[in-house]
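Everything on this sheet refers to the single structure shown next.
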Amino acid sequence: MGAFLLGAPPPLSASEVVIVLNSREDSMSLIDPHTYQEIRRVPVGKGPHHLLTTPDNNHLIIANASSNDLVVVDPVTADIKQRISRIADPYHLGFSRDGRWFVANGNRLNRVDIYRYQELQFKLEKKLLLPSTPSHMSFSADNIVYVTLQDSNQLVAIELETQQVKWKVATGPAPAGVWLTPDGKHLLVAATAADFVEVFSAASGEKIKQFTTGKGAHNFLATGDGRHILLSNRVEGTISVIDQQSLSVKENFSVPGGPDDMELTADGKELWVTARWRNRVTVVDMETKRIKKSIKVGRSPHGIYRRTHAPRV
6 MGAFLLGAPP
16 PLSASEVVIV
26 LNSREDSMSL
36 IDPHTYQEIR
46 RVPVGKGPHH
56 LLTTPDNNHL
66 IIANASSNDL
76 VVVDPVTADI
86 KQRISRIADP
96 YHLGFSRDGR
106 WFVANGNRLN
116 RVDIYRYQEL
126 QFKLEKKLLL
136 PSTPSHMSFS
146 ADNIVYVTLQ
156 DSNQLVAIEL
166 ETQQVKWKVA
176 TGPAPAGVWL
186 TPDGKHLLVA
196 ATAADFVEVF
206 SAASGEKIKQ
216 FTTGKGAHNF
226 LATGDGRHIL
236 LSNRVEGTIS
246 VIDQQSLSVK
256 ENFSVPGGPD
266 DMELTADGKE
276 LWVTARWRNR
286 VTVVDMETKR
296 IKKSIKVGRS
306 PHGIYRRTHA
316 PRV
């Protein structure tokens, strides 16, 4: 399809753009959050799934798993600035908290690749074969990355300085989302082929507890107030609100269509959710927990980014 849906709109300001990756259409949708309308759809590469900002917040990185590259986007204008090749199968991606390390999970290649990072320079240090199907990741303050292995039902801890596996433990079926609590003590892991979240010790990998959420437990997002974590339950079509202190579900609310990735506005009033099975982005009023808007985008929307968002802790 063409790069523009509705002509050539003026450049978007930093507070006016929401970017959504359409993983089966190889494009990104640009949405005006004030009108709740898609105003542009731009080709980005093959198999875009996840995106995040660089440590200095000056650039947005889109990972194209099927075309084996990264696309650098201006987070203010949403213009594509650069394409970085020879990044193998970057299904999921992340930066260490000190900004020195970049990790790409090769979902298709059964590999976790570790790079040294500095100002858009990526130096490959290690290819770790970790079958099967590395999925999501979370980083600790002392440069350990925790990775879920979706098809071998495992969680692995990797030391970035040594590029060695620290520990590996069994999980529930098809683990995807993993979230490290702010105190660095516990890891929450979502079992996508089941209906629960498991809690592990970040230090040892010992399983502490598990609790029921909803069918297709998939991905986490902290609300930024230190009180709650949100979890998308893809199969059930709900979002769970998890209490950070008790690590238990407070409530579930409906978001149909395979809810996946999420963004919360800076004021906490709206939750934007990609509905992968309906080719839509759903906007939820967080006061009422009711759907406010449903926005048509491309096929299989996955990653979502909004420059003005709630803190992710």
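Going by our numbering, the first residue of the sequence shown is number 6, and it counts up by one from there.
Quick reminder that beta carbons are idealized off the backbone N, C-alpha and C, glycines included.
Owing to the predicted nature of the structure, the values given are computational and were not obtained by experimental measurement.
Problem - Own chain, CB closer than 7 Å to D200, minus 5 neighbours either side, in chain order - result: T217, T218, G219, K220 and A222
Handout entry: Simplified DSSP assignment, three categories, for V246
Key = strand
Problem - Strand pairing of N257, partner residues [DSSP] - result: S245
Exercise for the section: Please list, in chain order, all residues of the same chain as K131 whose beta carbon is under 6 Å from its beta carbon, the five residues on each side excluded. Expected result: I119 and Q168
Exercise for the section: Indicate whether at least one CB of chain B lies closer than 8 Å to the CB of D31. Expected result: The chain inventory of the structure shown lacks chain B, comprising one protein chain alone.
Practice task
Report yes if the C-beta distance between R116 and P139 is below 8 Å; otherwise report no.
Solution key: yes
Problem - Straight-line gap, A226 to Q42 (C-alpha atoms, nearest Å) - result: As written in the sequence, residue 226 is Leu, which differs from the Ala given in the question. Their backbone Cα atoms lie some 24 Å apart in a straight line.
Problem - 6 Å Cβ shell around K297 - same chain, five flanking residues per side excluded - result: V288 and D290
Practice task
Answer with buried or exposed for R102, where buried requires no fewer than 16 other C-beta atoms within 10 angstroms of its C-beta.
Solution key: exposed
Exercise for the section: Would you identify the three-state DSSP class for L129, choosing helix, strand or coil? Expected result: strand
Handout entry: W184, DSSP secondary structure in three states
Key = strand
Practice task
Express the C-alpha separation of N27 and P53 in angstroms, rounding to a whole number.
Solution key: 7 Å
Exercise for the section: Whole angstroms is fine: what's the gap from I149's alpha carbon to E164's? Expected result: Near 5 Å, if we compare the C-alpha coordinates of E164 and I149.
Handout entry: Three-state secondary structure assigned by DSSP to Y5
Key = The requested residue 5 does not occur in the structure, where the chain is confined to residues 6 to 318.
Exercise for the section: Check each candidate in P187, M142, K190 and V161 and name the one with the smallest Cα separation from T176. Expected result: V161
Exercise for the section: Go ahead and pull the three-state DSSP assignment for L10. Expected result: Low local confidence applies: a pLDDT of 44 at L10 is under 50, so the model's placement there is unreliable, with the coordinate-based value given in what follows. Here L10 sits in coil by DSSP.
Practice task
Output the distance between the C-alpha atoms of V240 and K86, rounded to the nearest integer angstrom.
Solution key: 36 Å
Exercise for the section: Go through the segment 190-234 residue by residue and report every complete run of the beta strand (DSSP E) that reaches 3 residues or more, in order. Expected result: 191-196, 201-206, 212-217 and 222-227
Exercise for the section: Kindly give me the distance between the Cβ atoms of V49 and D31, rounded to whole angstroms, as I take these residues to be in contact under 8 Å. Expected result: Confirmed, about 7 Å.
Problem - Residues bridged to V25 (per DSSP) - result: S34 and I309
Handout entry: Y120: first and last residue of the uninterrupted beta strand (DSSP E) it sits in
Key = Its beta strand (DSSP E) spans residues R116 to Q123.
Handout entry: Beta-bridge partners of S90, as assigned by DSSP
Key = D74
Exercise for the section: Give the secondary structure of H141 by DSSP, where H, G and I count as helix, E and B as strand, and everything else as coil. Expected result: For H141, the secondary structure class from DSSP, reduced to helix, strand or coil, is strand.
Problem - Whole-angstrom distance between A179 and S157, CA atom to CA atom - result: 8 Å
Problem - Cβ pair count under 8 Å reaching 3, the segment 88-95 against the segment 58-72 - result: yes
Problem - S206 versus G182 - alpha carbon distance - result: Each residue's CA atom was taken as its position, placing S206 and G182 some 16 Å apart.
Exercise for the section: Mind checking who R46 pairs with in its DSSP beta bridge? Expected result: The partner list for R46 (beta bridge, DSSP) reads S34.
Problem - Selected residue, minimal CA-CA separation from L135, among G242, L125, N257 and V152 - result: V152
Handout entry: Contacts around Y310, its chain only, beta-carbon distance under 6 Å, and the 5 residues preceding and following it disregarded
Key = I24 and L56
Problem - Delimiting residues of the beta strand (DSSP E) encompassing M291 - result: Careful: M291 lies outside any beta strand (DSSP E) and carries neither H nor E.
Handout entry: S253 and I247 closer than 8 Å at C-beta
Key = In this structure, I247 lies closer than 8 Å to S253 by Cβ.
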